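One rule links them: number in my numbering = place in the sequence shown (from 1) + 2. Think of the CB as a built atom: it goes at the ideal place given N, C-alpha and C, for glycine as much as any other residue. These numbers were taken from a predicted model, which means no experiment stands behind them. Structure first, then comments.
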Amino acid sequence: MQRDARIYVAGHRGLVGSAIVRQLQAAGYTQLILRTHAQLDLTDEAATRAFFEAQKPEFVFLAAAKVGGIVANSSYPAQFIRENLAIQTNVIHSAWLSDVQRLLFLGSSCIYPKLAPQPMRERDLLTGPLEPTNRPYALAKIAGVEMCWSYNRQYGTKYLAAMPTNLYGPGDNYHPTNSHVIPALLRKFHEAKAVGAPQVTVWGTGTPRREFLFSDDMADACVFLMNLADDRYASLLGSDETVTGRFEPPLVNIGVGEDVTIADLATLVAKVVGYAGGIVYDTSKPDGTPRKLMDVGLMKAAGWQARTALEDGLRVAYAEFTQP
């Protein structure tokens, strides 16, 4: 991407999108195209198409999505599948109509089977049942991967799907019930500390293992991918399975390559927050997938790896959460 390239970041106010904007601005990119939801509803096909026709972006980071934790996914499954399908369908199709050079579609590690071999490889996609608590969201994201693959096959586009592991960082959602695990724990321990609560209750058994990636590292990986040389980038775009006989989707995992238990995470969050009380586990609540660790071999082979240690990232996130 040239520094004066026209770059559209869809979902620029979200956790990932805002980090991508910071990364691009720090690198000197001067023509960022940004729209809030109020300015552009990406579920509106006509409005999305008109926007692309008028703005003519050369590169697109598709970070816009309806996201949430276990409670939100379980409570609003219809909204999660409908809105995500609409957003990605409209953006990807409009990108093709407007001759976008490269598009990076951002998904989630929940696209992989609930009991996928660990660490999860890109070729593990579609090899088993999904985790039921977020299946509607996962299926929408799988459809996005397939859409990138299909447009590449039929139209010769250069659309790549990047699947991050669990993300956290500045700009996260700290809603009391609809947030992901790290912001939920940061808020819970912060509030317990403020009132002097003797203990904090954490959902589940504490035994599931999760991998966590700092949002600024994710943004760095995204910009890195978009700037790969043509031959290296093309090698990640998959192949036509009907020709090669190989299952190679245009998909790359982005993670740190190591995980922790939820219990260890809770202990670390308590340390970062400065909470000295006890931690108990409500085993009546769901654990979700037993383990979710990404195989990050493709990114390492391309020359990228995460740099932010979990405790360091948690301290940055907590400082942002508590600032006035």
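Leaving out five residues on either side along the sequence, give the residues of the same chain with a beta carbon under 6 Å from the beta carbon of residue i.
i    : result
F107 : L64, G146, C150 and A163
S181 : G71 and N175
E47  : N92
I144 : I113
F53  : L42
A142 : I83, N86 and L87
According to DSSP, is residue i part of a helix, a strand, or is it coil?
i    : result
N154 : helix
K302 : helix
L141 : helix
K287 : coil
Y235 : helix
V69  : coil
Y277 : coil
A265 : helix
Q33  : strand
A328 : The chain is shown from 3 up to 326; residue 328 falls before or after that span and cannot be answered.
Y320 : helix
N136 : helix
P166 : strand
R51  : helix
R24  : helix
D314 : helix
D126 : helix
M3   : coil
L44  : coil
E260 : coil
P19  : As written in the sequence, residue 19 is Gly, which differs from the Pro given in the question. Helix, per DSSP.
Q325 : coil
Note down, in chain order, each residue of its chain lying with its Cβ closer than 8 Å to the Cβ of residue i, except the 5 sequence neighbours on either side.
i    : result
A118 : D126, T129 and G130
G19  : V11, A12, G13, F63, A65 and A66
E260 : E213 and L295
A7   : Y31, Q33, E60 and F61
D284 : T203, V204, W205 and G206
Here's a check: name, in chain order, each residue in its chain whose Cβ is nearer than 7 Å to the Cβ of residue i, leaving out the five neighbours to either side.
i    : result
D222 : Q25
M220 : V18, A21, P166, L169 and I256
G315 : Y170, G171 and F216
A272 : F191 and I281
M228 : M3, F61, R104 and L106
R15  : T38
P115 : D126, T129, G130, P131 and L132
Run through the DSSP bridge pairs and tell me what residue i is partnered with.
i    : result
A12  : L64
K294 : R212
E82  : The question names Glu, yet the displayed sequence has Phe at residue 82. Answer is none; F82 lacks a bridge partner.
V282 : T203
I94  : DSSP output for I94 lists no bridge partner at all.
L106 : F63 and L162
N255 : M165
Tell me whether the stretch 260 to 272 and the stretch 221 to 240 touch, counting them as touching only if at least three CB pairs, one residue from each stretch, are closer than 8 Å. no
Validate contact between the stretch 240 to 249 and the stretch 287 to 302 using beta carbons, cut 8 Å, 3 pairs: no
Three CB pairs or more closer than 8 Å across the stretch 265 to 283 and the stretch 200 to 207: yes
Would you call the stretch 131 to 142 and the stretch 298 to 313 touching, i.e. three or more CB-CB distances under 8 Å? no
Please give the ranges of any alpha helix (DSSP H) in the stretch 198 to 253, keeping only runs that are unbroken, at least 4 residues long and fully inside the region. 217 to 228, 232 to 236 and 243 to 246
Does the stretch 73 to 85 come within contact of the stretch 96 to 103, defined as at least 3 CB pairs closer than 8 Å? no
Minimum length 4: unbroken alpha helix (DSSP H) runs contained in the stretch 174 to 201: 183 to 197
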